[in-house]
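Numbering-wise, my numbering puts 61 at position 61 of the sequence shown, and it's gapless, one number per residue.
Think of the CB as a built atom: it goes at the ideal place given N, C-alpha and C, for glycine as much as any other residue.
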Amino acid sequence: SMSVIQYVSPTGRFPAHVDHCNNSFVYLMSLGCTANFMVKGPTMECKMNFKLNSGDLLVFNASTQAAILHEVVSIDHESSCPVELANRFPVLQQHRYGVQCRVKL
Numbered sequence: 001s002m003s004v005i006q007y008v009s010p011t012g013r014f015p016a017h018v019d020h021c022n023n024s025f026v027y028l029m030s031l032g033c034t035a036n037f038m039v040k041g042p043t044m045e046c047k048m049n050f051k052l053n054s055g056d057l058l059v060f061n062a063s064t065q066a067a068i069l070h071e072v073v074s075i076d077h078e079s080s081c082p083v084e085l086a087n088r089f090p091v092l093q094q095h096r097y098g099v100q101c102r103v104k105l
């Protein structure tokens, strides 16, 4: 299945959660402004925070067993959107779109 979530810059966020889609993976592509993302797996000592820039792709196991905690902490200022992309698609200058594809195994 596919879905798209729109986040407004700079106030957009999505709370920390674990997916419960057994036997599946999530492919998450980021478009527009940069997302500040957090991930923590059960074997990780601490959370990992990183920037998910426009065009980046994140892939993870979305099963309950994998227990991947993840969160969109915040969205960077509109200046984080690549200029060429913002010029062509002005809506992306003030937003980040998370394009999500869930694949069942």
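How close, in whole Å, do the beta carbons of residue i and residue j come, if the pair is a contact with beta carbons under 8 Å?
| i | j | result |
| --- | --- | --- |
| TYR27 | VAL59 | 5 Å |
| THR34 | SER1 | Actually they do not touch by this definition, with Cβ atoms about 26 Å apart. |
| CYS21 | SER63 | 7 Å |
Over what stretch of residues does the alpha helix (DSSP H) that includes residue i continue unbroken?
| i | result |
| --- | --- |
| VAL83 | 83 to 88 |
Look up residue i in the DSSP assignment and give the residues it is bridged to.
| i | result |
| --- | --- |
| GLU71 | MET38 |
Along the beta strand (DSSP E) that carries residue i, what are the first and last residues, could you check?
| i | result |
| --- | --- |
| LEU31 | 24 to 32 |
| SER3 | 2 to 8 |
| GLN100 | 95 to 104 |
| ASN49 | 48 to 52 |
| HIS17 | 14 to 18 |
| LEU58 | 57 to 61 |
Within 10 Å of its beta-carbon, does residue i have 16 or more other beta-carbons around it, so buried, or fewer, so exposed?
| i | result |
| --- | --- |
| SER30 | buried |
| LEU52 | buried |
| HIS77 | exposed |
| SER54 | buried |
> Does the stretch 86 to 98 come within contact of the stretch 7 to 14, defined as at least 3 CB pairs closer than 8 Å?
Replying inline: yes
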